[in-house]
Amino acid sequence: TKRQSSIKSFFKPK
Amino acid sequence: MLEGRLTHASTLKKIVEAVKDVISEANFDCNDSGITLQCMDSGHVALVLLQLNSDGFEDYRCDRNITLGINFAALTKVLKCAANDDSLTLKADDSGDRLNFVFESQKGDRVSEFDMKLMTIDAELLSIPDNDYDVTIKMSSAEFSRICKDLANFGETMNISADKESVRFGVEGDVSAASVVLRPNETIDEDEKIVSTSIMVKKETNVNLSMKFLKTFANSSLAGSVTLELQDDIPCLIKYVFPNDLGVLCFYLAPKGD
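Chains A and B are the protein sequences, given in the same order. Residue 1 is where the first sequence starts when you use the working numbering, and the numbers rise one by one after that. Residue 1001 is where the second sequence starts when you use the working numbering, and the numbers rise one by one after that.
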């Protein structure tokens, strides 16, 4: 199984 | 205050239908140039970005920035009452505590009105980098929808790989594997419109994405074509462009790693 990454590890808070 | 009129209520209906399984509530940020919504799903796997340009509305007026906190279950109930040919007028005053909807039939012989209570949503806004992706695939949205629907039966992870000649959608399940390969082409659909598949590749790419989310984001009613932007190890972008310069609906989906 592959691990799902989080969108927050790519896009930082404004 | 905000006042916006869309010629077809169905436009908003389709958008809400496409995102309501991913987000339950979100802020619509309204200003002079249009309406923007940015929201993640509860598990922070995907991000929805909707941009509606004021120019795409039949009438649009927003003299002060206003945030409308919307519950999508409530919004869905309201939009269900609109016939596809109805026009839609949205109205909100500066307090931002209610949103008013008026649906009017084309002939003007039926007018229905709904008032929706708004909520305060503490939303976290992310800054989305303007990325120049390695792979851009433009294809029929119906084809993309069919591929996702067919392959979803085989496994939970979709592998998309692209090179200069083709794009391959593949799934490996416990007992079976499936794949669909598309090559650039041009066909004429039932409405005699040209539907083409184009593949632009700067660098060969191979990404793994959640099938569940892809299936939700594959939607043929939003627009005739869909654009997929891919690059190794960064979120995939699935983009629908609305006609008449109304705007775009973007889904960003974080990749799956090993």
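Glycine included, every Cβ here is placed at the ideal spot set by N, Cα and C.
- Taking a cut-off of 8 Å for Cβ pairs, the region 1158-1178 of chain B and the region 1102-1112 of chain B do not touch, as fewer than three such pairs fall below it.
- Residue state for residue 1056(B) is assigned as helix, using DSSP reduced to three classes.
- Between residue 1237(B) and residue 1131(B), the gap from beta carbon to beta carbon is short of 9 Å.
- Ranked by how close their Cα comes to the Cα of residue 1118(B), the residues 1124(B), 1105(B), 1098(B) have 1098(B) in first place.
- Within the same chain, Cβ atoms closer than 6 Å to the Cβ of residue 1054(B) are found at 1033, 1034, 1060, the five residues on either side in sequence being excluded.
- Close partners of residue 1208(B) in chain A (Cβ separation under 7 Å): 2.
- The Cβ-Cβ distance between residue 1225(B) and residue 1141(B) falls below 9 Å.
- At a C-beta separation below 9 Å, residue 1046(B) has these neighbours in chain A: 7.
- Under DSSP, residue 1040(B) forms a beta bridge with 1047(B).
- Flagged as an interface residue toward chain A: residue 1254(B), by a C-beta distance shorter than 9 Å.
- Taking the CA atoms as reference points, residue 1172(B) sits about 22 Å from residue 1046(B).
- Note that the C-beta distance between residue 1062(B) and residue 1039(B) is not below 9 Å.
- When only Cα atoms are considered, residue 1086(B) and residue 1076(B) end up about 16 Å apart.
- Per DSSP, reduced to three states, the secondary structure at residue 1258(B) is coil, with no helix or strand assignment.
- If you ignore the 5 residues before and after residue 1155(B), its C-beta comes within less than 7 Å of the C-beta of 1171, 1172, 1173, 1211, all in its own chain and listed in chain order.
- Residue-level contact check: residue 1258(B) touches chain A, since one or more beta carbons of chain A fall below 9 Å from its beta carbon.
- Put simply, the backbone Cα of residue 1025(B) is about 35 Å away from that of residue 1168(B).
- Within 10 angstroms of the beta-carbon of residue 1078(B) lie 16 or more other beta-carbons, which makes it buried.
- Restricting attention to 1216(B), 1204(B), 1051(B), 1120(B), the CA atom closest to the CA of residue 1245(B) is found in 1051(B).
- Ranking 1182(B), 1151(B), 1074(B), 1143(B) by CA distance to the CA of residue 1161(B) puts 1182(B) first.
- At a beta-carbon threshold of 7 Å, none of the residues of chain A lie near residue 1002(B); the nearest stands roughly 22 Å away.
- Contact with chain A is absent for residue 1192(B), since none of that chain's Cβ atoms lies less than 9 Å from the residue's Cβ.
- In the DSSP assignment, residue 1081(B) falls outside any alpha helix (DSSP H), carrying neither H nor E.
- Taking 9 Å as the CB threshold, residue 1234(B) lines the interface with chain A.
- Only residues of its own chain outside the window of five on either side were considered, and among them 1040 have a CB closer than 8 Å to the CB of residue 1124(B), listed in chain order.
- Rounded to whole angstroms, the Cβ separation of residue 1164(B) and residue 1201(B) is 5 Å, and the two are in contact under 8 Å.
- For residue 1029(B), the uninterrupted beta strand (DSSP E) segment begins and ends at 1025-1031.
- For residue 1217(B), the uninterrupted alpha helix (DSSP H) segment begins and ends at 1211-1217.
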